[in-house]
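Count the sequence shown with the numbering used here and you get residues 5 to 195, in order.
In this text, a Cβ means the ideal position worked out from N, Cα and C, and glycines have one as well.
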Amino acid sequence: MKEPSGDITALLSEWQSGNQGALNQLTPLVYRELRRLAQSYLNRERPGHTLQGTALAHEAYLRLVDQRQVQWRDRNHFFALSAELIRRILVDHARAKMAEKRGGDQVKLSLEEGMEAASPGDADLIALDDALSLLARTDPQQSRIVELRYFAGLTIEETADVLNISPATVKRDWVIAKAFLKREMLRRSKG
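1) Express the C-alpha separation of proline 171 and proline 8 in angstroms, rounding to a whole number.
2) So, at 6 Å on beta carbons, what are the nonlocal neighbours of alanine 131 in its own chain, with the 5 sequence-adjacent residues on each side left out?
3) Could you tell me the distance, in whole angstroms, from the CA atom of alanine 59 to the CA atom of glutamine 29?
4) When the distance is taken between beta carbons, is threonine 13 closer than 7 Å to aspartate 78?
5) For aspartate 128, which of helix, strand or coil comes out of DSSP?
6) Go ahead and label aspartate 128 buried or exposed: buried means 16 or more other beta carbons lie within 10 angstroms of its beta carbon, across all protein chains shown.
7) Which value, in whole angstroms, describes the spacing of the CA atoms of arginine 99 and glutamate 37?
8) Within the same chain, show all residues whose beta-carbon is closer than 8 Å to that of alanine 156, passing over the 5 residues directly before and after it, in chain order.
9) Where does the unbroken alpha helix (DSSP H) through glutamate 161 begin, and where does it stop?
10) Taking the straight line between their C-alpha atoms, what separation do you get for aspartate 143 and valine 174?
11) With DSSP collapsed to three states, give me the class of glutamine 145.
12) By Cβ distance, which residues of its chain are closer than 7 Å to leucine 27, with the 5 residues on each side in sequence left out?
13) Output the distance between the C-alpha atoms of leucine 158 and lysine 194, rounded to the nearest integer angstrom.
14) Assign glycine 57 to one of three DSSP states: helix, strand, or coil.
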C-alpha cells in the first residue's frame, strides 16, 4: 500500500478546499487504488461471482466522490472509508441477488484461510455483515480491522498503519474478531 505518486493526502485536502484541479489529479490515483482493493477482495471470492472487480471499483468510486460531508484527514482515512464502501456494495449486491431468487442460494464467500481451517465451507456474506455490525457495537476497532483485512485485503502492517495502532494489536484483535464472528455466525445459522 505504498503512497501513489501525487500524495493522496494533500490532494484530498486540496479537493475538500474546493480545488477542482486536485480532483482531476486524484481521480486516477483513487480509481487505481479502488481497483486494487476490489480485485484483492474478489481474488478470494468463489469463481463465477456475478460482480466483477471493475464494476465494484467503479461503484465504490462513485460513492466515494459523492461523500460531500467527509472531512478527509489523510490517505488512511481514505482506505478505511473505501473498505467500508466495498463492504456495503457487496452486501447490497448479495441482498439484491437473494431478493431476485426469493431466498434461493445465498452468495457465499470464505472469511479467511485461517477461518477455513476452523470452519469448513463458506460463510454467508449477509450473516457476516450482521455479525460484523454486532461486533462494531461492542468493539469498533475490531470491526474496522475486519473491514480493512477482509474487504480491503490489507496486510497486518497496512491495517496497523491505517488505524494508527501496532501490528501486535491488529494481530490480537484480528484473532479475537474472527472468533467472535465465527461464533455469532454459527449461532445465527442454528437459530
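Per the coordinate set shown:
1) Sequence index remark: in the sequence shown, residue 8 carries index 4 (1-based). Sequence index remark: in the sequence shown, residue 171 carries index 167 (1-based). Its pLDDT being 47, under 50, proline 8 is placed unreliably in this model, and the value from its coordinates should be taken loosely. Taking the straight line joining both Cα atoms gives about 22 Å.
2) What you label residue 131 is simply residue 127 of the sequence shown in a count that begins at 1. For alanine 131, where only same-chain residues beyond five positions count, the Cβ hits under 6 Å are Met189, Arg192.
3) Residue numbering aside, residue 59 sits at position 55 when the sequence shown is read from its first letter. Residue numbering aside, residue 29 sits at position 25 when the sequence shown is read from its first letter. The straight-line gap from Cα to Cα measures roughly 22 Å.
4) Along the sequence shown, read from residue 1 onward, the residue named residue 78 stands at position 74. Along the sequence shown, read from residue 1 onward, the residue named residue 13 stands at position 9. It is a contact, given that the beta carbons lie within the stated cut-off.
5) The residue you call residue 128 lines up with position 124 of the sequence shown. For aspartate 128, the secondary structure class from DSSP, reduced to helix, strand or coil, is strand.
6) Here the question's residue 128 lines up with position 124 in the sequence shown. Burial call: buried.
7) Here residue 99 refers to the residue found at position 95 when the sequence shown is read from its first residue. Here residue 37 refers to the residue found at position 33 when the sequence shown is read from its first residue. When rounded, the distance between both Cα atoms is 26 Å.
8) For the purposes of this step, residue 156 is identified with residue 152 of the sequence shown, where counting begins at 1. Excluding positions up to five away in sequence, the list reads Leu41, Ser44, Tyr45, Phe83, Ser86, Ala87, Ile90.
9) Looking up residue 161 in the sequence shown gives position 157. For glutamate 161, the enclosing alpha helix (DSSP H) covers residues 160–167.
10) Taking the first residue of the sequence shown as 1, we reach residue 143 at position 139. Taking the first residue of the sequence shown as 1, we reach residue 174 at position 170. Distance between the alpha carbons of aspartate 143 and valine 174 is about 13 Å.
11) If you number the sequence shown from 1, residue 145 lands on position 141. Three-state result, glutamine 145: helix.
12) Here residue 27 refers to the residue found at position 23 of the sequence shown. In chain order, Trp19 place their CB closer than 7 Å to the CB of leucine 27, counting only its own chain and leaving out the 5 sequence neighbours on each side.
13) Locating residue 158 in the sequence shown gives position 154, where the first residue counts as 1. Locating residue 194 in the sequence shown gives position 190, where the first residue counts as 1. A straight line joining the alpha-carbon of leucine 158 with that of lysine 194 spans about 31 Å.
14) Walking along the sequence shown from the start, residue 57 turns up at place 53. Helix.
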